[in-house]
């Protein structure tokens with residue numbers, strides 16, 4: 212969201228890229244850098260001491276009328292440690308470029324990387340533009356689950372064609388279908404006009420970005436819900452023995468992630484116990500699944516996407 216000021220500014224968020232990303236001097240694997248959702252995943256990295264990258268800030272917009280002498284900086288913020296670290300940006304080839312270095316002891320849970328640009332407006336220094344923030348995830352519990360790089364296969368097919376699964380062909384207007392009959396696979400409907408182009412648009416702005424984020428999180432929510440329901444069906448109990456978790460590793464991961472988001476659940480083992488115990492109690496079962504659905508909403512960022520879009524639209 213671009214903040215509105217009573218002086219000339221750039222109308223859309225400036226494009227911010229993190230390049231040449233290194234961890235302790237070694238290049239970070241490209242699959243941990245999600246350009247479409249402005250996210251870097253470090254939660255799978257066991258130990259490290261220093262995170263370093265180059266920040267490139269650019270825009271396709273012309274300089275706002277009456278604005279001169281652009282300068283900029285990057286702010287690294289970690290709420291868990293109350294850390295705010297500024298880094299300057301300098302002009303280079305039509306962009307503003309700078310390097311940031313973050314030591315592990317200065318941050319926790321995760322931190323954000325966001326840029327702001329100032330300029331001279333009628334003799335005063337003013338903020339004239341900012342970027343959408345990047346999130347560097349250090350703890351998996353701090354990571355919104357994106358649909359961009361899920362731990363399951365994804366395929367595109369026209370749901371009206373024979374290339375799509377039979378169940379997907381029964382709902383030809385659906386955006387997506389999670390097939391759990393074998394190896395879990397998310398099918399995306401290439402027959403929906405513009406859907407693939409929108410979801411693949413890494414530089415969408417304003418209304419297109421809001422729509423992309425809402426559709427992405429809706430698809431992620433439905434896919435996660437389908438996986439969890441398949442996982443719940445595999446939770447069994449024999450006599451007085453503790454419930455047995457799902458046999459499929461992905462299903463166990465989904466159950467763990469949902470349990471982490473549920474209020475009043477001590478852990479995934481308690482979730483398994485409640486899934487078994489509530490099967491013969493219609494009211495208790497309904498309440499349990501209401502809480503599960505709420506946890507899935509939080510896990511996939513569905514409510515956050517809708518809230519953010521609503522706030523952006525209401526503020527013009």
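Numbering (the working numbering), first residue to last: 212 to 527.
Just so it is clear, CB atoms sit at the ideal spot from N, CA and C, and this is done for glycine as well.
This one's a predicted model, so the numbers in the text were calculated from it and none came from an experiment.
- Judged by DSSP in its simplified three-state form, residue 381 adopts coil rather than helix or strand.
- The three-state secondary structure of residue 259, taken from DSSP, is coil.
- In this structure, DSSP gives residue 454 a state outside helix and strand, which the three-state scheme calls coil.
- Note on geometry: alpha-carbon atoms of residue 499 and residue 309 lie some 49 Å from one another.
- Taking C-alpha positions only, residue 503 is separated from residue 238 by approximately 39 Å.
- With a threshold of 16 other beta carbon atoms within 10 Å, residue 462 meets it and is buried.
- In this structure, DSSP gives residue 446 a state outside helix and strand, which the three-state scheme calls coil.
- The Cβ neighbour count for residue 314, taken over all protein chains shown within 10 Å, is under 16; the residue is labelled exposed.
- The C-alpha of residue 373 is placed about 17 Å away from the C-alpha of residue 386.
- The three-state secondary structure of residue 430, taken from DSSP, is helix.
- In this structure residue 319 is not in contact with residue 296, their Cβ atoms being roughly 14 Å apart against a cut-off of 8 Å.
- Within 10 angstroms of the beta-carbon of residue 321 lie 16 or more other beta-carbons, which makes it buried.
- Taking the C-beta atoms as reference points, residue 468 is found nearer than 9 Å to residue 510.
- With a contact defined as Cβ atoms closer than 8 Å, residue 454 and residue 341 miss out at about 49 Å.
- In the assembly as shown, residue 268 is a buried residue. Its beta-carbon has 16 or more other beta-carbons within 10 Å.
- Per DSSP, residue 297 is not a residue of any alpha helix (DSSP H); the beta strand (DSSP E) it occupies stretches across 294 to 303.
- In the DSSP assignment, residue 225 falls outside any alpha helix (DSSP H) and carries neither an H nor an E.
- Taking a contact as a CB-CB distance under 8 Å, the pair residue 251 and residue 347 counts as one, their CB atoms being some 5 Å apart.
- Residue 221 and residue 276 have their C-alpha atoms roughly 10 Å apart.
- Just so you know, the alpha carbons of residue 377 and residue 232 end up roughly 43 Å apart.
- In the DSSP assignment, residue 501 falls within the unbroken alpha helix (DSSP H) covering 493 to 511.
- Taking 9 Å as the cut-off, the Cβ atoms of residue 303 and residue 227 do not count as close.
- Judged by beta-carbon spacing, residue 330 lies within the 9 Å limit of residue 280, meaning their Cβ atoms are closer than that value.
- Contact between residue 324 and residue 344 is confirmed by a C-beta separation of about 7 Å, below the 8 Å threshold.
- For the pair residue 285 and residue 439, the Cα-to-Cα distance works out to about 39 Å.
- For residue 263 against residue 311, the beta-carbon gap comes to about 7 Å, under 8 Å, which counts as contact.
- Distances from the alpha-carbon of residue 305 to those of 441, 272, 484, 230 put 272 closest.
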